[in-house]
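Asker:
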Amino acid sequence: MSQIVLPSRPVIGILHPGVMGASVGSALKPVAGAVIWAAAGRSVTTSKRAEIADFVGVPDLTELVRRADLIISVCPPDAARSVAEQVAVAAGDRRPLYVDANAVSPATVTGIGELFGADRTVDAAIIGPPAWEPGHTVLWLAGEQAPVVAALFDGSPFTARVLDGEIGSASGLKACFAAQSKALPTIWLAIAEAARAYGVQDELRDELARTGKDLTALLQQLDDRAAGKAWRWVGEMEEAGDAFAAVGLPDGFSRAAAQMYQRMADADPVDLANSWGLRGGAV
1 MSQIVLPSRP
11 VIGILHPGVM
21 GASVGSALKP
31 VAGAVIWAAA
41 GRSVTTSKRA
51 EIADFVGVPD
61 LTELVRRADL
71 IISVCPPDAA
81 RSVAEQVAVA
91 AGDRRPLYVD
101 ANAVSPATVT
111 GIGELFGADR
121 TVDAAIIGPP
131 AWEPGHTVLW
141 LAGEQAPVVA
151 ALFDGSPFTA
161 RVLDGEIGSA
171 SGLKACFAAQ
181 SKALPTIWLA
191 IAEAARAYGV
201 QDELRDELAR
211 TGKDLTALLQ
221 QLDDRAAGKA
231 WRWVGEMEEA
241 GDAFAAVGLP
251 DGFSRAAAQM
261 YQRMADADPV
271 DLANSWGLRG
281 GAV
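With full-length UniProt numbering, letter number 74 in the sequence shown gets 74, and the count goes up by one each step, no holes.
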């Protein structure tokens, strides 16, 4: 295994500066010659976020790929493959180091690795919130060039850790973690909706309270985490389902969670919140 040598101050491209992407780019600014992003077609909110972070806007993806030594993809999981394909087309014979930091299945990131080559692809999994201060978020990395990327995050708010496994192991870890952090909580929403459909929501609350469980609090916790993100977690749960199925395990937990998040994304948040006495949000 031979590790590539990046320029001492590499140009780093971020696709795209959402909240997480902005925190990743900001963490790398001290070691980068520039952190760039492709402005074409992005929202006013994204543009403002990139401006606040002092990223350098370039006209489009083609220009970003032309200039960047390292490209980090942080996008909705169901767009990860498409984004990678667009980068590969724009790159042509040029071979930037490509880091896929999306919540995708090992199979998806392995396929992305085939676009750029295993020696130019890093499988990355972010566990934790956008990192603006140390101690809360871990960046797991896998692949030949994982140590190269990890070194860039030294001293940053992200704790970078390198896995011994090949491309796909970081995404496998993320899928397993997401099954408990995002899939399990949706059972309470399914239970609550079923109880409401049968007209026994008050009785269910009382029975759960008798066993030490506060249904309203459990739903509120889900709402607090998922408000505004449920649509994004649909794709992540489908990818997690693919990860479980690929190793011969039942994938229904994550598939069901994807359905519940889709229901949350499609529903009127005020109506659902009022139905369960919540403060407001997605539920």
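Ideal Cβ positions, reconstructed from N, Cα and C, are used throughout, including at glycine.
Using 10 angstroms around the beta-carbon of Gln145, count the other beta-carbons present and answer buried if the total reaches 16, otherwise exposed.
Answerer: Looking up residue 145 in the sequence shown gives position 145. Buried is the call here.
Asker: Could you tell me how far apart the beta carbons of Ser105 and Glu207 are, in whole angstroms, since I believe they sit closer than 8 Å?
Answerer: Your numbering for residue 105 matches position 105 in the sequence shown. Your numbering for residue 207 matches position 207 in the sequence shown. About 38 Å separates the two Cβ atoms, so there is no contact after all.
Asker: Can you check whether the CB of Ala124 is closer than 8 Å to the CB of Leu152?
Answerer: On the sequence shown, position 152 is the one that residue 152 refers to. On the sequence shown, position 124 is the one that residue 124 refers to. Not in contact: Leu152 and Ala124 (Cβ atoms no closer than 8 Å).
Asker: Can you tell me whether Thr45 is buried or exposed? The criterion is at least 16 other CB atoms within 10 Å of its CB, across all chains shown.
Answerer: For the purposes of this step, residue 45 is taken as residue 45 along the sequence shown, with counting starting at 1. Thr45 is exposed by the Cβ-count criterion.
Asker: According to the neighbour-count rule (16 or more other Cβ atoms, all chains shown, within 10 Å of its Cβ), is Thr211 buried or exposed?
Answerer: If you number the sequence shown from 1, residue 211 lands on position 211. Result: exposed.
Asker: Excluding sequence positions up to five away, which residues of its chain have a Cβ less than 7 Å from the Cβ of Ala282?
Answerer: For the purposes of this step, residue 282 is identified with residue 282 of the sequence shown, where counting begins at 1. A caution first: Ala282 carries a pLDDT of 49, below 50, which makes its placement in the model too unreliable to give a value.
Asker: With a threshold of 7 Å on Cβ separation, who are the neighbours of Pro129 within its own chain once the five nearest residues in sequence on each side are excluded?
Answerer: Against the sequence shown, residue 129 aligns to sequence position 129. Only His136 and Thr137 meet the Cβ criterion.
Asker: In this structure, how does DSSP classify Arg161 when only helix, strand and coil are distinguished?
Answerer: Sequence index remark: in the sequence shown, residue 161 carries index 161 (1-based). Reduced to three states, the DSSP call for Arg161 is strand.
Asker: Let me check one thing: in DSSP terms, what residues is Trp37 bridge-paired to?
Answerer: Numbered from 1 along the sequence shown, position 37 holds the residue referred to as residue 37. Gly57, per the DSSP bridge assignment.
Asker: For Tyr98, list the residues DSSP reports as bridge partners.
Answerer: To locate residue 98, count along the sequence shown from 1; it is residue 98. DSSP, once it has assigned bridges, lists Ile71 and Thr121 as partnering Tyr98.
Asker: Taking Val24 as the reference, which of Phe253, Arg205, Asp100 and Gly111 has the closest Cα?
Answerer: Translated into the one-based positions of the sequence shown, residue 24 becomes position 24. Taking only the C-alpha atoms, the option nearest Val24 is Asp100.
Asker: Ala142 bridges to which residues according to DSSP?
Answerer: Looking up residue 142 in the sequence shown gives position 142. When DSSP reads this structure, Ala142 sits in a beta bridge with Asp123.
Asker: Please report the straight-line C-alpha distance between Gly18 and Asp271, rounded to a whole angstrom.
Answerer: If you number the sequence shown from 1, residue 18 lands on position 18. If you number the sequence shown from 1, residue 271 lands on position 271. Gly18 and Asp271: Cα-Cα distance of roughly 28 Å.
Asker: If you draw a straight line from the C-alpha of Ser43 to the C-alpha of Ala175, how long is it?
Answerer: Translated into positions along the sequence shown, residue 43 becomes position 43. Translated into positions along the sequence shown, residue 175 becomes position 175. In this structure, the CA atom of Ser43 is about 29 Å from the CA atom of Ala175.
Asker: Please name the residue, chosen from Glu236, Ala209 and Glu85, that lies closest to residue 299 on a Cα-to-Cα basis.
Answerer: This structure cannot settle anything about residue 299, because the visible part of the chain is limited to 1 through 283.
Asker: Helix, strand or coil, according to DSSP, for Ser13 in the structure here?
Answerer: Position 13 of the sequence shown holds residue 13. For the record, residue 13 in the displayed sequence is Gly; it is not Ser. Three-state DSSP puts Gly13 in a strand.
Asker: So, helix, strand or coil for Thr211, using DSSP?
Answerer: To locate residue 211, count along the sequence shown from 1; it is residue 211. It is coil, neither helix nor strand.
Asker: Thinking Val87 and Ile72 are a contact (beta carbons under 8 Å), I'd like their distance in whole angstroms, please.
Answerer: As a first step, residue 87 is located in the sequence shown; it is residue number 87 there, counting from the start. As a first step, residue 72 is located in the sequence shown; it is residue number 72 there, counting from the start. Incorrect: roughly 11 Å between the Cβ atoms, too far for contact.
Asker: Should Asn274 be labelled buried (16 or more other beta-carbon atoms within 10 Å of its own) or exposed?
Answerer: The residue labelled residue 274 in the question sits at position 274 within the sequence shown. Exposed, by the Cβ-count rule.
Asker: Quick one: is Pro157 buried, meaning 16 or more other Cβ sit within 10 Å of its Cβ, or exposed?
Answerer: Numbered from its first residue, the sequence shown carries residue 157 at position 157. Pro157 comes out buried.
Asker: At the level of alpha carbons, what is the spacing between Ala84 and Leu218?
Answerer: Taking the first residue of the sequence shown as position 1, residue 84 is located at position 84. Taking the first residue of the sequence shown as position 1, residue 218 is located at position 218. About 37 Å.
Asker: Can at least three beta-carbon pairs, one atom from the stretch 251-261 and one from the stretch 183-191, be found at a separation below 8 Å?
Answerer: A contact is defined here as three or more CB-CB pairs under 8 Å, and the stretch 251-261 meets this definition with respect to the stretch 183-191.
Asker: Thinking just about the alpha-carbon of each residue, which of Trp37, Arg81 and Gln262 is nearest to the one in Val109?
Answerer: As a first step, residue 109 is located in the sequence shown; it is residue number 109 there, counting from the start. Here the closest residue by C-alpha is Arg81.
Asker: Measuring only the C-alpha atoms, how far is Ile4 from Val148?
Answerer: The residue given as residue 4 occupies position 4 in the sequence shown. The residue given as residue 148 occupies position 148 in the sequence shown. Cα to Cα, the separation comes out at about 7 Å.
Asker: Sort Val247, Val31, Leu61 and Ala27 by Cα distance to Glu133 and report the nearest one.
Answerer: By one-based count along the sequence shown, residue 133 stands at place 133. Looking at the Cα atoms, Ala27 is the closest of the given residues.
Asker: Leu173 and Ala160 look like a contact to me (Cβ under 8 Å); what is the Cβ gap, rounded to whole Å?
Answerer: As a first step, residue 173 is located in the sequence shown; it is residue number 173 there, counting from the start. As a first step, residue 160 is located in the sequence shown; it is residue number 160 there, counting from the start. Not really, about 14 Å apart at Cβ, beyond 8 Å.
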